[in-house]
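Each protein sequence line maps, in turn, to chains A and B.
First residue of the first sequence? That's 1 in our numbering, and the numbers climb one at a time after it.
First residue of the second sequence? That's 1001 in our numbering, and the numbers climb one at a time after it.
In what follows, a structure is listed as structure tokens, so that the remarks can point back to it.
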Amino acid sequence: MSHSDDHHHHEHPTGHSHGMYDVDPTHEHPPQPDIEDSALTRFQLTQMAVEELLVEKGILTPDEMRAQLERMDALSPAQGARLVARAWVDEAFRTRLIDNSQTAAAELGLDIGPMPILVMENTPEVHNVIVCTLCSCYPRYLLGFPPDWYKSRSYRSRVVREPRAVLTEFGTGLADGVRIRVHDSNADMRYMVLPMRPAGTDGMDEEALAALVTRDCMIGVTLPRAA
Amino acid sequence: MTNPVFATGDTVRVKALFPPGHVRTPFYCRGKRGRVERVIGPYPNPEQLAYGERAPDALVLYRVTFPQGELWDDYEGDSSDVLELELYETWLEQDEDIA
């Protein structure tokens, strides 16, 4: 959803203002579309029908559905960032995280869901980047909803064949001799990049470190930077 | 049929098949040669799952590493760059080793 859908917000031609003395009370605003203005798609209708049936048959209550949506909305990259920060300060945890992210995350009280998430570690020699060329598979339990660009055809088709050009567009330059591993999550695994701890972060505690870990550096298109 | 046929390090070629329907083998890797990065284990066949099959076959899933130069003739990055993805055993056949 774009910013302009979220708010009542309209473009005014230059010089048009809502100041107290110069408003023409008859001036027109373009109508703000309501979500019901376009016809429902087949899949929206199917979803509504299934939802009603689940409630009618007593399989789920509306409250349970609302609560699940709230849980999904609350997922965010902060969870992945906690794992990364812990891995940066605790070598043994780093090994366990790469070995099995599900059980490692559970140590921090995080449930990363039913899909295995493989943690790919950046090193001075290797940089990892993640994509799903077939659709938009993403480690949602760890990072929340994927950004729109991750689902775009242009990212999906380009990062597999010209990853260096794509990284450059994200402002990410890799040192000479760094090998790129692109991971296409085309099937049953999900992926997260474990970035390298940036220089200049000595003495920072885990919470401060976690604040440096962004969504994009766990997808692998950027690198974390000391603020 | 869930004993893996291939092992980590084996060189495999993705079958150059173009069946209709829902498959999870991207076009860009078909007919290409890579190396088994790891054996993941059995997963339900997505080509049956997609059509509502309630008891799909279990297929061994592998992660396969492809040198980027194998996938794209005009690849411009470093010759050591790779792409890795997941492939079900039915799509793979043994091949001669990659240099």
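Glycine included, every Cβ here is placed at the ideal spot set by N, Cα and C.
Keep in mind it's a predicted model, so treat the numbers as computed, not measured.
- Identified DSSP bridge partners for B/Y1043: B/L1059
- Message: Excluding the 5 residues flanking A/L134 on each side, which residues of the same chain have their C-beta closer than 7 Å to its C-beta?
- Response: N186
- Would B/D1010 pass as a contact of B/R1038 if the rule is Cβ separation under 8 Å? no
- Span of the beta strand (DSSP E) around A/M192: R190 to L194
- Item | According to DSSP, residues forming a beta bridge with B/H1022 | DSSP, once it has assigned bridges, lists no residue as partnering B/H1022.
- Item | Proximal chain A residues relative to B/Y1075, where beta-carbon distance stays under 9 Å | R161 and E162
- Cβ shell of A/D5 (< 6 Å), same chain only, five flanking positions each side left out: At A/D5 the pLDDT is 41, less than 50, meaning the model places this residue with poor confidence; the figure from the coordinates comes in the next sentence. Excluding residues within five positions, none has a Cβ falling inside 6 Å.
- Task: Indicate whether at least one CB of chain B lies closer than 8 Å to the CB of A/N186.
- Result: yes
- Message: Using only the alpha-carbon positions, how far apart do A/H8 and A/A211 sit?
- Response: For A/H8, the predicted structure reports a pLDDT of 46, less than 50, and the residue's modelled location is therefore unreliable. The matter cannot be settled from this model.
- Is any beta-carbon of chain B found at less than 8 Å from that of A/V119? no
- Query: For chain A, is any of its Cβ atoms less than 8 Å away from the one on B/E1089?
  - Reply: no
- Report yes or no: do three or more beta-carbon pairs, one from the segment 186-197 of chain A and one from the segment 103-121 of chain A, lie closer than 8 Å? yes
- Interface residues of chain A around B/L1085 at Cβ under 7 Å? D184 and N186
- Item | Segment contact, 8 Å Cβ cut-off, at least three pairs: the segment 54-61 of chain A with the segment 78-97 of chain A | no
- Query: Is DSSP giving A/V126 helix, strand or coil here?
  - Reply: strand
- Message: Using only the alpha-carbon positions, how far apart do A/V50 and A/E56 sit?
- Response: 10 Å
- Query: In chain B, what lies closer than 8 Å to A/I130 by C-beta?
  - Reply: Within chain B, no residue comes near A/I130; the closest Cβ sits about 10 Å away, beyond 8 Å.
- Message: How far does the beta strand (DSSP E) with A/D150 in it extend, from its first residue to its last?
- Response: Note on residue identity: the sequence assigns Tyr, not Asp, to residue 150 of chain A. Run containing A/Y150: none in the beta strand (DSSP E); it sits in the alpha helix (DSSP H), D148 to K151.
- Query: Which residues in the same chain as B/L1061 place their Cβ atom closer than 6 Å to its Cβ, once the five residues preceding and following it in sequence are excluded?
  - Reply: I1040, Y1043, E1086 and Y1088
- When you compare only the Cα positions, how much space is there between B/P1020 and B/F1027? 12 Å
- the segment 150-158 of chain A / the segment 171-182 of chain A touching (three or more Cβ pairs under 8 Å): no
- Item | Where A/M120 falls: helix, strand or coil (DSSP) | strand
- Query: Looking at the structure shown, is A/V89 part of a helix, part of a strand, or coil, going by DSSP?
  - Reply: helix
- Contact set for A/L75: own chain, Cβ-Cβ below 7 Å, skip 5 residues either direction: R140, Y141 and G144
- In chain order, what residues of the same chain lie with their CB nearer than 8 Å to the CB of B/A1058, ignoring the 5 residues before and after it? M1001, T1002, P1042, Y1043, P1044 and N1045
- Task: Jot down the residue ranges of each uninterrupted alpha helix (DSSP H) in the segment 14-61 of chain A, minimum 4 residues, whole runs only, in chain order.
- Result: 42-56
- Task: Taking only beta carbons into account, state which residues of the segment 184-215 of chain A come closer than 7 Å to chain B, listed in chain order.
- Result: D184, N186, A187, D188 and M189
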